[in-house]
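First up is the structure itself, then whatever we jot down about it.
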Amino acid sequence: MTVGPSLPAAYHALGFAINQKLAAFDHTLTLVDEPDAQGRVPAMRRLTQAMDKGQVDTLIMLGGNPAYDAPANMNFAALLEKVPHTIHLSHDINETSALSQWHLPRAHALECWGDGRSWDGTLAVQQPLILPLFDGRSPIELLAMVLDQPRI
1 MTVGPSLPAA YHALGFAINQ KLAAFDHTLT LVDEPDAQGR VPAMRRLTQA
51 MDKGQVDTLI MLGGNPAYDA PANMNFAALL EKVPHTIHLS HDINETSALS
101 QWHLPRAHAL ECWGDGRSWD GTLAVQQPLI LPLFDGRSPI ELLAMVLDQP
151 RI
């Protein structure tokens, strides 16, 4: 049994207890550390420091909502206003989109090619399963556009 990350701690405790009762651990369920969980904060800190010094001319944000959920002491939302060119690729319009000069619709994962890495490091290729719905772009397509490459 899995419990979504947005649910309160009590639900996570309940899910853990249910999995214990089912003897799921090490049989059908394996707990793993999130890869590079701590590596994101230093990278974000370096980015916000560069933004603060005016060293970032163009910032392309591939998903997420850093204006809302970046660590508060980094002042990402305020620093985003110092960047001359900002592009946000996202499924929805959120706080980061509102602060960006450009918001581009992101294609759903079922609509596009992609790649990924599992928790154990195994590489995986993603292929489209449905036709495009709303003329969104995948992160790969947006980067190809920026690099003036043909559409994939």
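Numbering (our numbering), first residue to last: 1 to 152.
Where a beta carbon is used, it is the ideal one built from N, C-alpha and C, also for glycine.
| field | Residues that D120 bridges to, as DSSP identifies them | value | None, per the DSSP bridge assignment.
| query | By how many angstroms is the C-alpha of G54 removed from the C-alpha of A17? | reply | C-alpha separation (whole angstroms): 50 Å.
| message | Does L80 pass the burial test, meaning 16 or more other C-beta atoms within 10 Å, or should it be called exposed? | response | By the 10 Å Cβ count, L80 comes out buried.
| said: Can you look up S90 in the DSSP assignment and give me helix, strand or coil? | reply: In this structure, S90 counts as strand in the three-state DSSP scheme.
| request: Assign T48 to buried or exposed, taking buried as 16 or more other Cβ atoms, counted over all protein chains shown, within 10 Å of its Cβ. | output: T48 counts as buried, since at least 16 other C-beta atoms from the protein chains shown sit within 10 angstroms of its C-beta.
| request: Locate the beta strand (DSSP E) running through T58, then write down its first and last residues. | output: Unbroken beta strand (DSSP E) run through T58: T58 to L62.
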